[in-house]
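Here's the structure, in structure tokens; my notes come after.
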Ligand SMILES: Nc1ncnc2c1ncn2[C@@H]1O[C@H](COP(=O)(O)OP(=O)(O)OP(=O)(O)O)[C@@H](O)[C@H]1O
Ligand SMILES: [Mg+2]
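Protein chains in written order, with the working numbering: chain A, 177 to 407; chain B, 5 to 401.
Right under this line is the structure:
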């Protein structure tokens, strides 16, 4: 299992009111899976992704990525894991406004291995998401959908084994959405593992044999549990 | 190699990051440069004053004697010197004649000093205080050594002679045999030094009399004891010792007041920087940037390294520019901006030329009190932000 969540629980307290965002979630994801998480707003989807990526500390339970528990390692190792293994696509705009599109895409590369080759690679990915000619544009000069595509390109630059995507096609028109889904499909075919939070029904149709999961008030359930065990 | 390449990449990112926020960084740079400029100027000015005074006073007599009558200073007859010979420990007693001369033409006040250079200890080394020329030799009459301002005045008249009037309005003319060095300006600017007999002639003082007696002692530790003995023996004299003069100088502009002011200014600087930093803190945009970088897998150390280089560049440039400007300010503009503060000094001294003191300690002190606090004030908040979980970036906060 590339991702393993055990009895994961997270409760937020805001204004004296406790909200259980993630309630005793167990989830196993094998390398090469394409998992889609559906759920209402506020059901805890982002919180779950955030704990898998080692950004939010769970109240109880554990998350194993490649067999290593996120919180049993130092912050530096956890950060390194996130950098090398995970590509994040945020729910909200996440570009640094003072950097150009290309510079934003290069951000995940560590200082140690920034080379000219990286820029070429970044331009290839930029072409894949259909923004070949906008590499020097600043985020403010791009539409919301274009910014989203830059953020998607950035998630792929380190060729991570896992993509955690939070509403990746939220503000894309249908044509662009198809382009992005094709990119996902291509990377999935090459073996990348996806965990995607979405409302988008096309997404489920676009990929081969996706796993469909539902989140309701912090509780996760699988549409066809039999297949989970088969996988 | 790996480490070097890494630091170059970090530096590269820091530079572009500085450039991205150039307006903010430029304003910090300006404020910071101004503060360092003020502190450094002040430090160099007080340093220059103290050092100059101390250097000049090193050659001053250990004890100076003046005779007082009805609260006024009067001439000292030669018997006084003879009576001091009974005191053990005095190595030498040298007469001196000095007085003020008011120049009607220019309205300038000159200080005229008549020395018996041949009788002074180290009298043969007096030329070290000169920029050019030499002191009038023993018995050589009719020549003078001038302070810079007096010399300028004479040169402006297109003359090679200094002409002074005696009380009876007869004229005495002197050849210029030397000019004092800039470094002694604070004490010599308006000075005219001549042979003691010329000075007696100018001020109409009787041939064997003097205005002061300079007393040199064998053992410097006995200065105070000997001064007390002189005061007992000659009750109508005022006895001034070199340590007393030195102390007065120090109280006026010396290291005590200088040091006090530096502490004050430094506290002020630290306060300004901290207050400014508190007020601006990490902007929402900067916090968001740090959170995004954390999510993308930037190590806290890398985030801080960038911040460190940014701060070091800003404060380092401010430091270099501020100190350089301060040096120019003090050396070439005689600390013109401090003239209003130095009113107290200019009452005592005529306008003088400053030779700035820039010792390694001073530079190091300013560095420690400016660059280091700034680094701390900028890197520590970033460290706080970078050490907390970065999930706020995900929720779009
Ligand atoms: N930092 C936080 N502090 C307090 N409460 C929080 C915090 N983050 C999330 N919550 C709460 O936890 C619950 C789950 O939030 P989460 O963001 O995971 O939902 P979501 O499924 O991603 O919703 P959406 O589809 O709107 O993005 C919500 O009720 C939310 O208010
Ligand atoms: Mg969400």
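Beta carbons: idealized from backbone N, C-alpha and C, even for Gly.
All figures in this text were calculated on a predicted structure; none of them were measured in a lab.
Reduced DSSP secondary structure (H/G/I, E/B, other) of residue i
i                      : result
residue 366 of chain B : helix
residue 102 of chain B : strand
residue 240 of chain B : coil
residue 228 of chain A : helix
residue 192 of chain A : coil
residue 92 of chain B  : coil
residue 124 of chain B : coil
residue 304 of chain A : helix
residue 185 of chain A : strand
residue 311 of chain A : coil
residue 390 of chain A : strand
residue 245 of chain B : strand
residue 268 of chain A : coil
residue 237 of chain A : strand
residue 185 of chain B : coil
residue 110 of chain B : coil
residue 175 of chain B : strand
residue 139 of chain B : coil
residue 165 of chain B : strand
residue 48 of chain B  : helix
residue 203 of chain A : strand
residue 227 of chain B : helix
residue 177 of chain A : coil
Start and end residues, alpha helix (DSSP H) containing residue i
i                      : result
residue 347 of chain A : Taken as a continuous stretch (DSSP letters only), residue 347 of chain A belongs to no alpha helix (DSSP H), as it is neither H nor E.
residue 255 of chain A : 251 to 261
residue 378 of chain A : 377 to 382
residue 317 of chain B : 304 to 337
residue 282 of chain A : 277 to 282
residue 320 of chain A : 320 to 332
residue 154 of chain B : 152 to 160
For residue i, the nearest candidate out of the options (CA to CA)
i                      : options                       : result
residue 235 of chain A : A:269, A:247, A:242 and A:243 : A:247
residue 314 of chain A : A:336, A:280 and A:305        : A:280
residue 308 of chain B : B:388, B:377 and B:289        : B:388
residue 393 of chain A : A:214, A:381, A:249 and A:275 : A:214
residue 272 of chain A : A:301, A:249 and A:327        : A:327
residue 221 of chain B : B:302, B:207 and B:89         : B:89
residue 249 of chain B : B:293, B:173, B:87 and B:64   : B:64
residue 115 of chain B : B:149, B:122 and B:95         : B:149
residue 136 of chain B : B:151, B:122, B:143 and B:125 : B:151
residue 112 of chain B : B:189, B:383, B:158 and B:13  : B:158
residue 395 of chain A : A:330, A:216 and A:374        : A:216
residue 110 of chain B : B:75, B:178 and B:156         : B:156
residue 303 of chain A : A:366, A:324, A:329 and A:294 : A:329
residue 301 of chain B : A:243, A:357, A:262 and A:356 : A:262
residue 244 of chain A : A:369, A:177 and A:296        : A:177
residue 176 of chain B : B:203, B:154 and B:223        : B:203
residue 361 of chain A : A:343, A:380 and A:351        : A:380
Proximal residues to residue i (C-beta, below 7 Å), its chain only, five neighbours per side dropped
i                      : result
residue 226 of chain A : 232
residue 330 of chain B : 41, 44, 45 and 48
residue 120 of chain B : 98, 99 and 200
residue 161 of chain B : none
For residue i, the first and last residue of its enclosing beta strand (DSSP E)
i                      : result
residue 395 of chain A : 395 to 398
residue 199 of chain B : 195 to 199
residue 71 of chain B  : 67 to 73
residue 297 of chain B : Careful: residue 297 of chain B lies outside any beta strand (DSSP E), inside the alpha helix (DSSP H) at 288 to 299.
residue 213 of chain A : 210 to 215
residue 216 of chain B : 216 to 221
residue 369 of chain A : 369 to 373
residue 76 of chain B  : 76 to 78
Same chain only: Cβ atoms within 6 Å of residue i, ignoring 5 sequence neighbours per side
i                      : result
residue 335 of chain A : none
residue 239 of chain A : 181, 227, 228 and 246
residue 103 of chain B : 116 and 207
residue 319 of chain B : 375 and 378
residue 140 of chain B : 147, 181 and 199
residue 19 of chain B  : none
Cut-off 8 Å between Cβ atoms - residues of its own chain near residue i, not counting five sequence neighbours on either side
i                      : result
residue 72 of chain B  : 78, 240, 241 and 242
residue 305 of chain A : 325, 326, 328, 329, 355, 356 and 359
Proximal residues of chain E, C-beta to C-beta of residue i below 9 Å
i                      : result
residue 288 of chain B : Of the chains in the structure shown, none is chain E; the protein chains are A and B.
Pull every residue with its beta-carbon under 6 Å away from any heavy atom of ligand 2, and keep them in chain order. A:221, A:222, A:267 and A:342
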